[in-house]
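Chemist: In this note's numbering, each residue's number is its place in the sequence shown (first place is 1) plus 343.
Here it is, the structure in full.
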Amino acid sequence: MRRDLKGRIVLVTGASRGIGRRVATLLARRGCRLALTARSADELAQTAQQCQQLAISYGFGGEVLFVTGDLTLATDRERIVAEAILRYGGLDVLINAAGVCSFGEFSTSTPEILRRVMEVNFFAAVEMVRLAHPYLAYSACQGAQVGWRPAVVNVASICGRWGIPSMSEHCASKHALVGWSEAIRAEFVRYGIDVLLVLPGLVRSDDLQRHLLRNEGKIYLDFAGAPPPEQVARDVLRALRTRRRELASGWVSWGVWWSRRLFPRAVRFFMQRKVWRFARRERLLSRTS
Ligand SMILES: NC(=O)c1ccc[n+]([C@@H]2O[C@H](COP(=O)([O-])OP(=O)(O)OC[C@H]3O[C@@H](n4cnc5c(N)ncnc54)[C@H](OP(=O)(O)O)[C@@H]3O)[C@@H](O)[C@H]2O)c1
């Protein structure tokens, strides 16, 4: 059965820009009551205003709450969920879209980068689910008669299914998130809560390279040619509405997802070649200079 999101209370993390912002605007058009969070107050306020206007223009009430906070801090996470509950009296869907990425080789990276990436991409998402779980379980009880199932959507990455060179920290955090999501998916069945995974490939998010913790990777990534965040947002909504447990978003992600199953050696060779090519170019450059 398709999930009807109209009037549902949805908490979206990472809503100040990129994928989270686009998900919020799509949900506003469907008449959801939104709680949005991120650290940047001005950008978050802009998203909230945009959502409110969109909801009203689509004939809905336009209920949007925004709460600034750093998801790596337990007190902020608790405050964010508490404010959403205080405002709406419950929670029906949690979308974990906040994330950070570091692009660079492990041999020249630092323990601080690894910990930062794990804190935001894995621990924060997991702890948000821990806080949201009682309210989602309550939503399941309340909505059971009308066929409603609450959900958690974790925006992971295809890096959570296949290790991409120059992104070791990101891959580690997303593999952890994917594995953990699969485990709780089975646990949460008894509460009537769906746990869904959306795996984007490379996405042309807002000023993405400026927000990388580090931008020194040694493989070529075509950021300019990557799909826009709107496409991932549409896929998040598709996963939610159709109850898709795992959705590879974008053709790169889709290609890696299937090739990994059908031709794992070919994918390994392709990734390796990307690194070899870069290393060869570096060697040639160092000889000529
Ligand atoms: N873009 C890609 O190529 C790509 C590919 C695969 C997967 N993904 C995943 O998709 C998700 C969204 O990515 P995106 O492209 O939309 O990235 P983005 O444009 O950089 O947005 C990241 C969002 O996370 C928030 N955030 C970061 N650190 C935070 C913290 N400590 N506390 C609270 N909020 C925090 C940011 O808000 P503030 O800075 O205002 O706090 C921002 O709203 C991430 O999980 C990412 O790993 C992205």
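Glycine is no exception: its CB is placed at the ideal position from the N, C-alpha and C atoms.
Need the endpoints of the beta strand (DSSP E) that A391 sits in, please.
Modeler: Looking at the DSSP string, A391 is not in any beta strand (DSSP E); the run it does join, the alpha helix (DSSP H), is A384 to S400.
Chemist: Let me know the alpha helix (DSSP H) ranges lying completely inside the stretch 505 to 537, each 4 residues or longer, listed in chain order.
Modeler: 511 to 531
Chemist: Can you list, in chain order, the residues of its chain with a C-beta nearer than 6 Å to that of Y534? Leave out the 5 residues immediately preceding and following it.
Modeler: Excluding sequence neighbours, Y534 sits near A480 and A483.
Chemist: Could you compute how far the alpha carbon of T451 sits from the alpha carbon of M461?
Modeler: 18 Å
Chemist: Cβ of G506 within 7 Å of any heavy atom in ligand 1?
Modeler: no
Chemist: Quick check on the DSSP output: the beta strand (DSSP E) that includes L408 runs from which residue to which?
Modeler: V407 to T411
Chemist: Mind checking I507: buried by the 16 CB within 10 Å criterion, or exposed?
Modeler: buried
Chemist: Measuring straight from C-alpha to C-alpha, what distance separates A564 and E386?
Modeler: For the sequence presented, residue 564 should be read as Leu rather than Ala. Spanning the two alpha carbons is a distance of roughly 27 Å.
Chemist: Going by other Cβ atoms of all chains shown within 10 Å of its Cβ, with 16 needed for buried, is R346 buried or exposed?
Modeler: By the 10 Å Cβ count, R346 comes out buried.
Chemist: How should P477 be labelled, buried or exposed, when 16 other C-beta atoms within 10 angstroms of its C-beta is the threshold for buried?
Modeler: exposed
Chemist: DSSP state of F449, grouped into three classes?
Modeler: helix
Chemist: So who's on the other strand from T631, going by DSSP bridges?
Modeler: Per DSSP, none; premise fails for T631.
Chemist: Closer than 8 Å, CB to CB, is Y563 near chain D or not?
Modeler: Here there is only one protein chain, and chain D is not present.
Chemist: Could you give the distance in angstroms between the alpha-carbon of G357 and the alpha-carbon of T631?
Modeler: 45 Å
Chemist: With a Cβ-Cβ cutoff of 8 Å, do V443 and E426 count as a contact?
Modeler: Cβ distance not < 8 Å, so V443 and E426 don't count as in contact.
Chemist: Specify the secondary structure class of L605 as computed by DSSP and reduced to three states.
Modeler: helix
Chemist: Rounded to a whole number of angstroms, what is the C-alpha to C-alpha distance between R365 and S359?
Modeler: 9 Å
Chemist: How about the stretch 485 to 502 and the stretch 539 to 546: do they share at least three Cβ pairs that are nearer than 8 Å?
Modeler: yes
Chemist: Roughly how many angstroms lie between the CA atoms of V353 and V424, to the nearest whole one?
Modeler: 11 Å
Chemist: Write down every uninterrupted run of the alpha helix (DSSP H) in the stretch 425 to 495 whose length is 4 residues or greater and which is fully enclosed by it, in chain order.
Modeler: 454 to 461 and 468 to 486
Chemist: Suppose you measure from the CA of D332 to the CA of R626; what does that come to, to the nearest Å?
Modeler: Absent from the structure is residue 332, since the part of the chain shown begins at 344 and ends at 632.
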